[in-house]
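Colleague:
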Amino acid sequence: WTKSIDYGEGSAEKPGFPDMPSWFGANLDFENVTTGLRNTGMDSLLIAKVMGLNWFKFFESSFEPKT
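Residues 9 to 75 (our numbering) are what the sequence shown spells out, left to right.
This is how it looks when you write it as structure tokens:
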């Protein structure tokens, strides 16, 4: 569908995925995101929604098991 090169997240000058920020090197660092959101003043419910509860509720209400 395209005739040009797709560099993904990068560009022709710097192809590939960009480096992760220093505070998020792996999935074990999700707690740093939670802490950062808490430090901005977000309440626990809003943080839970941002961290995945919204997706969980969407999937829970949108899909049914096959019978």
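The C-beta atom is built at its ideal place from N, Cα and C for all residues, glycine as well.
Does the distance from the C-beta atom of Pro26 to that of Tyr15 stay below 8 Å?
Modeller: Taking the sequence shown and counting its residues from 1, one reaches residue 26 at position 18. Taking the sequence shown and counting its residues from 1, one reaches residue 15 at position 7. No.
Colleague: In this structure, how does DSSP classify Glu39 when only helix, strand and coil are distinguished?
Modeller: Against the sequence shown, residue 39 aligns to sequence position 31. Note: Glu39 maps to helix in three-state DSSP.
Colleague: Between Asp51 and chain B, is any beta-carbon pair separated by less than 8 Å?
Modeller: In the structure shown, chain B cannot be found, because there is only a single protein chain.
Colleague: Using the Cα positions of Ala56 and Pro29, report the straight-line distance between them to the nearest angstrom.
Modeller: Reading the sequence shown from its first residue, position 48 is the one you call residue 56. Reading the sequence shown from its first residue, position 21 is the one you call residue 29. Approximately 22 Å between the Cα atoms of the pair.
Colleague: Considering only residues of the region 40-72, which uninterrupted beta strand (DSSP E) runs meet the minimum length of 3 residues and lie entirely inside it, listed in chain order?
Modeller: none
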